[in-house]
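*Asks:*
Residue numbers (the working numbering): 1 to 271.
1) Return yes when the Cβ of residue 218 is within less than 8 Å of the Cβ of residue 229, no when it is not.
2) Is it buried or exposed, residue 26, if we count other Cβ atoms within 10 angstroms and call 16 or more buried?
3) Residues in the same chain with beta-carbon distance under 6 Å from residue 57, minus the five sequence neighbours each way, listed in chain order, please.
4) Take the Cβ of residue 208 as the centre, count every other Cβ of all protein chains shown within 10 Å, and call the residue buried at 16 or more, exposed below.
5) Cα separation between residue 96 and residue 263?
6) When we look at the beta-carbon of residue 221 and count the other beta-carbons within 10 Å, is it buried (16 or more) or exposed?
7) Is it buried or exposed for residue 114, if we count other Cβ within 10 angstroms and need 16 for buried?
8) From the DSSP output, in three-state form, read off residue 251 for me.
9) Below 8 Å on the Cβ atoms is my guess for residue 90 versus residue 147; work out the distance and round it to an integer in Å.
10) Near residue 59, what residues of its chain come up, given a Cβ to Cβ distance below 7 Å and the 5 sequence neighbours on each side ignored?
11) Smallest Cα separation from residue 23: which of 241, 254 and 252?
12) Which term fits residue 39, buried or exposed, when burial requires 16 or more other beta carbons within 10 angstroms of its beta carbon?
13) Do the stretch 101-113 and the stretch 123-133 meet, that is, are 3 or more Cβ pairs less than 8 Å apart?
14) For residue 54, which option in 175, 137, 253 and 232 has the closest C-alpha, if you only look at C-alpha atoms?
15) Buried or exposed: where does residue 17 fall if 16 or more other Cβ atoms within 10 Å of its Cβ makes it buried?
16) Is the stretch 183-197 touching the stretch 151-162, taking contact as three or more C-beta pairs under 8 Å?
17) Are the CB atoms of residue 144 and residue 215 within a distance shorter than 8 Å?
18) Check whether the stretch 243-260 and the stretch 30-38 are in contact - that is, three or more C-beta pairs closer than 8 Å.
19) Near residue 99, which residues of its chain fall below 6 Å by C-beta distance, leaving aside the five closest residues on each side in sequence?
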């Protein structure tokens, strides 16, 4: 653990206070210059906004679809075991493979998405999904949801199976409708699981790099330039590892702060 996590972490923190560059390969202490430069840079706030937009949309859609799937798979339906087995297939596919598959789906001239939308009469012009300022981020969110929703649904399904059936029977005897049972029994007892799943998904999506880099590379016109892309470009395209490390440290502080605040708020509401 010290070799794979602790040592690189402390080295990155140290580098964030230096002018270390791949071109010079020397460490020159510069105090807080890297942080001051980054926090004054419009590119940083643009990337932070893109990251937050992506995370909020991806996590909310993951939870809505994942909860819907979990509720369906928790019911007594035909071939329930089969559906429970295949639901994890998108999650089992490596992220890079999923991204490459969707690159073909989004292909403007021969992609199946444009063909289907044109055939249904929904759109009449070919949309260049990954090279459109208006659609590129949405396209990445769709890919993320496709891959992550199965994991969310399985985790929520595990939570649903831990809810005693006697509570639903008692609610039925009291004349509660399906919606009342969902809001008064299912959601309150599922809240700890939803809290944990939400936090996991926020952390995973906040540091998402593969989808952004493979699908758009941060384009077009920086419309999908997330913090992960900005860190990569600063460190390995501009060779400024000191500034790249500083972005990573700020990124770590934001995630750590969010995790603490989110956990305390949810625990307070639970109590």
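For every residue, glycine included, the Cβ atom is placed at its ideal position computed from N, Cα and C.
*Replies:* Inspection of the coordinates gives the following:
1) yes
2) exposed
3) 141
4) buried
5) 31 Å
6) exposed
7) buried
8) helix
9) 5 Å
10) 198, 201, 202 and 205
11) 241
12) exposed
13) yes
14) 137
15) buried
16) yes
17) no
18) yes
19) 211, 214 and 215
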